[in-house]
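Position 122, counted from 1, in the sequence shown is what numbering that gives the first Met the number 0 calls 121; the numbers after and before it change by one each time, with no gaps. Note sheet for the following structure.
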Amino acid sequence: MKATGIVRRIDDLGRVVIPKEIRRTLRIKEGTPLEIFTDREGEVILKKYSPIGELSIFAREYAEALAQTTGYLSCITDHDQVVAAAGSMSKEFMGKEISKELEEMISNRENICADYTQSKRIPLVDDQKEDIFAQAIWPIICAGDAIGAVALMGRTEKDTMGETERKLVQTAAGFLGRQMEQ
């Protein structure tokens, strides 16, 4: 754990303010769910809650099935990071923070299906090194909230995303969203 040197008092309603600099760095916005942990030494730990994280094993298996079926790189994200990745170059994406563009796309509930001839493509993660020539991305909606996305990505100019890939990511996102509701 890293000390910040910032001290805050709890108000009469039991609230404490997380400083703006920390919220910005950790991408904590109004409405971001936080999970509360305590330990035996009396520490209170706040961690961003990821509902998809609870399905991480299931999400990983789903990503592997998508990658095997399509031959494309497959990723499943929550609203902060890639929680499951499968296919060629998946290690480059696993556990990385998602890009601001993807975060915005998820919040706006937008989807993408584009190849290298279209400028609509976005980076999946902040420090993405590999060029992506084609991608299909669909937001995961759970109980009315956009909580993540399913993405298929092609890494060569020959790769194209069509109606089949769009339907695959839409189906995967819908299925994962319903699994979260149960």
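Positions of the beta carbon are idealized from the N, C-alpha and C atoms, including for glycine. This structure is a prediction, so every number in the text was calculated from the model and none was measured.
In this chain, PHE36 is not harboured by any alpha helix (DSSP H); it is covered by the beta strand (DSSP E) spanning 33-37. Within the segment 36-91, the beta strand (DSSP E) runs of at least 3 residues that lie entirely inside it are, in chain order, 43-47, 72-77, 81-85. The shortest C-alpha to C-alpha distance from GLU63 to any of LYS46, LEU45, VAL82 is the one to VAL82. Its chain contains GLU102, ILE105, ILE146, GLY147 as the residues whose beta carbon lies nearer than 7 Å to that of HIS78, once the 5 sequence neighbours on both sides are disregarded; these appear in chain order. In the three-state reduction of the DSSP assignment, VAL168 falls in the helix class.
Comparing alpha-carbon positions, the option among TYR71, THR76, ALA85, GLU34 lying closest to SER98 turns out to be THR76. Two segments are said to touch when three or more pairs of C-beta atoms, one from each, lie closer than 8 Å; by this definition the segment 64-71 does not touch the segment 37-51. Note on geometry: alpha-carbon atoms of GLU109 and ILE5 lie some 38 Å from one another. The C-alpha of GLN127 is placed about 12 Å away from the C-alpha of GLY94.
When DSSP states are grouped into helix, strand and coil, GLN127 belongs to the coil group.
MET179 sits in a helix when the DSSP states are folded into three classes. Closest in alpha carbon position to ALA58, among GLN181, ALA172, GLU180, is ALA172. Counting of Cβ neighbours within 10 angstroms places SER73 among the buried residues, the total reaching 16 or more. In chain order, VAL43, ILE44 place their CB closer than 8 Å to the CB of THR37, counting only its own chain and leaving out the 5 sequence neighbours on each side. Between GLU100 and the set SER89, ILE136, GLY30, ASP114, the nearest pair of CA atoms involves ILE136. Of the candidates SER87, LYS157, GLU156, VAL168, VAL168 places its Cα closest to the Cα of ILE140.
Between the alpha carbons of ARG177 and LYS28 lies a distance of about 25 Å.
If you look at MET104, you'll find it in the alpha helix (DSSP H) that goes 99-106.
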